[in-house]
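Under our numbering, the first residue of the sequence shown carries the number 10, and numbering increases by one thereafter.
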Amino acid sequence: MKKINILSASLALILFTNLNANAQFKLSDIFKKVTEKTTTTGTPSTLEIGQGIKEALQIGVSAGADRLSVKDGFLGNLAVKILMPPEAQKVERTLRGIGLNKLCDNVITSLNRAAEDAATEAKPIFVSAIKQMTLTDATNILLGNKDAATEYFKRTTTAQLMQKFSPIVTTSLNKVEATKYYSDLTTQYNRLPLVKPVNTNLTEYVTQKAIDGLFLEVAKEELKIRDNFSSRSSTLLQKVFGYADKKKS
């Protein structure tokens, strides 16, 4: 009888342990699901919005700079390809008309190579600018137009970026001999009778075009994150932009 009682107690203990473990498993599973839900939904704090917008911009800058900093990143992309400066387009037409196509092609190729080379240095400059964004700005951006972040970025950082990016572009122009090719082109043109001499600040022109190209790529990434849930690669982005979706629906 004593053995039966001991056996019964043992069985009861085992059953209780299993039930308790199973209950804990289910409770932990439920807790996990609730935690996952609360981390991706609900109203984000102002701090989370700020962090989310900055994260989205950093993703856009990183992806954009990476795409543009490779060979043909500018030259092979018609949306950002750098053509002759406006004041030199007549020069290009005239020189191509007398058979100097290679000279013109060398200039265009070298301008784009300079931008591609400079784009490799763009990422830390842009990221530094992103970090200076205020939380209030971030909230306005989140609930603004689909390109609100990019437009804010352009409005508030272009002058600073021009200043910081300019010496990088100057180095790149010299590195790929763009300055030499452009000098050869304008020299040939200025020798023609009755033409108005052309002078261009190549550094300023290519710097602006390179920054415009980078902004365009950032805008593409911002649009992807705003429109496609699958592009929201972190819990924070899902929560912040999911909140924006609800506010705009």
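Quick reminder that beta carbons are idealized off the backbone N, C-alpha and C, glycines included.
Note that the structure is predicted; figures quoted are calculated from it, not measured.
{"query": "Decide yes or no for the touch test of the region 222-230 against the region 63-73: beta carbon pairs closer than 8 angstroms, at least 3 of them.", "result": "yes"}
{"query": "Starting from the N-terminal side, write out each stretch of the beta strand (DSSP E) that is 3 residues or longer and does not extend beyond the region 72-113.", "result": "none"}
{"query": "Looking at the unbroken alpha helix (DSSP H) that takes in A235, where does it start and where does it end?", "result": "The residue asked about is misnamed: residue 235 is Arg in this sequence, not Ala. Counting along the chain, the alpha helix (DSSP H) containing R235 begins and ends at L211 to D236."}
{"query": "Quick test of the definition: if touching needs 3 or more C-beta pairs under 8 angstroms, does the region 179-199 touch the region 90-108?", "result": "yes"}
{"query": "Looking only at C-alpha atoms, which of Y214, I177, E186 and A147 sits nearest to T165?", "result": "A147"}
{"query": "Assuming D193 and L112 form a contact by the criterion Cβ under 8 angstroms, report the distance between their Cβ atoms to the nearest whole angstrom.", "result": "6 angstroms"}
{"query": "Starting from the Cα of T52, find the closest Cα among V185, L152 and P95 and give me that residue.", "result": "L152"}
{"query": "Is L120 helix, strand or coil when you go by DSSP?", "result": "helix"}
{"query": "Can we say the region 207-222 touches the region 170-186, given the rule of at least three CB pairs closer than 8 angstroms?", "result": "yes"}
{"query": "Would you report the Cα separation of G59 and Y214, rounded to the nearest angstrom?", "result": "33 angstroms"}
{"query": "Using beta-carbon positions only, say whether E186 and S119 come within less than 8 angstroms of one another.", "result": "yes"}
{"query": "I need the straight-line Cα distance from K205 to N121, nearest angstrom please.", "result": "26 angstroms"}
{"query": "Return the residue from the list V89, K173 and L182 that minimises the CA-CA distance to D126.", "result": "L182"}
{"query": "Among the residues of its own chain, which have a CB less than 7 angstroms from the CB of V136, if the five just before and after it don't count?", "result": "Q67 and V70"}
{"query": "Could you round the C-beta distance between A157 and G82 to whole angstroms and report it? I think they count as a contact, below 8 angstroms.", "result": "That belief does not hold up - the Cβ atoms of A157 and G82 are roughly 26 angstroms apart, past 8 angstroms."}
{"query": "Rank N210, N208, F174 and N149 by C-alpha distance to the C-alpha of K63 and give the top, closest one.", "result": "N149"}
{"query": "Name the two residues that bound the continuous alpha helix (DSSP H) containing P176.", "result": "A157 to K184"}
{"query": "Roughly how many angstroms lie between the CA atoms of N31 and Q247, to the nearest whole one?", "result": "Here the model assigns N31 a pLDDT of 48, short of 50, so the residue's position is not dependable, and the following value carries that caveat. Cα to Cα, the separation comes out at about 32 angstroms."}
{"query": "Can you tell me the Cα-Cα spacing of L104 and A138, whole angstroms?", "result": "42 angstroms"}
{"query": "Sorted by chain position, which residues of the same chain lie with C-beta nearer than 6 angstroms to E231's C-beta, five sequence neighbours on each side aside?", "result": "G69, A158 and T159"}
{"query": "Which two residues bound the contiguous alpha helix (DSSP H) that contains Q141?", "result": "Run containing Q141: none; DSSP gives neither H nor E here."}
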